[in-house]
Structures are given as structure tokens and as C-alpha cells.
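K.L.:
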Amino acid sequence: MSHTPKYPPDGGYAAPTNPAASPAAGSLTQGWFAVTDPGYLKGALLGAGLTYILTNQKVQRALVKGVVTVWTAVQGGIEEVKEQIHDVKAEMSMKGDADKT
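Here the sequence shown stands for residues 1045 to 1145, where the numbers follow the numbering used here.
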């Protein structure tokens, strides 16, 4: 009497249920050159735009000038708000002094 253990036909290992989990032939090139993927196209356009900005001095000057203009406007707005707060505090102080007399 021969005693041989019975093993499952797949060796006890289940086959992957997700086809994307098992690498297919050519998957390396599909991952790098997936031109139909919207993320790939966005990345390519972003890279081209950054390259243009970083290599074109005219665009760099315009960009820096715009950033300085926006920063100056923000600082002016903050100073204006500070001045308005100071005015409101002064008015409240004057009203408090008038109520005491």
C-alpha cells in the first residue's frame, strides 16, 4: 500500500484574481509610455510648460514682475486693514471717554 499525499492541482497557491496584479509582457513600456492616460498627458504638458518658463528669460522677467506686483498689492491690503482696525479702536476709545463725562 502506497501512501502518497494528495495536493491541490495548483500547488496550494491561489491564482491572482486581479489581472492587473500579475505583470503582463510589455507592462514596463506601457507604464512609461501610456499616452492615453490623462495623467501622462498632464505630466507632459506640465513638464513642457516648466521647461519653457525656466529657459525663457523674457517669460521669467514677466513672471517675477507679476509676482512682485501681487505681493505689493497684498502688503498694501494688509496695511489698509491694520489702519482700519486702528481707526475703529480709536473711535471706540473716544466713545468710551465721551460716555464717562
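Every residue gets a Cβ at the ideal spot worked out from N, C-alpha and C, and that includes glycine.
Enumerate in chain order the residues of its own chain whose CB-to-CB distance from Tyr1084 is below 7 Å, with the five nearest sequence positions on each side excluded.
P.N.:
Ala1078
K.L.:
Rounding to the nearest angstrom, what Cα-Cα distance links Arg1105 and Val1114 in this structure?
P.N.:
Each residue's Cα considered, the two are about 14 Å apart.
K.L.:
In the DSSP assignment, the alpha helix (DSSP H) including Lys1126 goes from what residue to what residue?
P.N.:
Gln1101 to Lys1144
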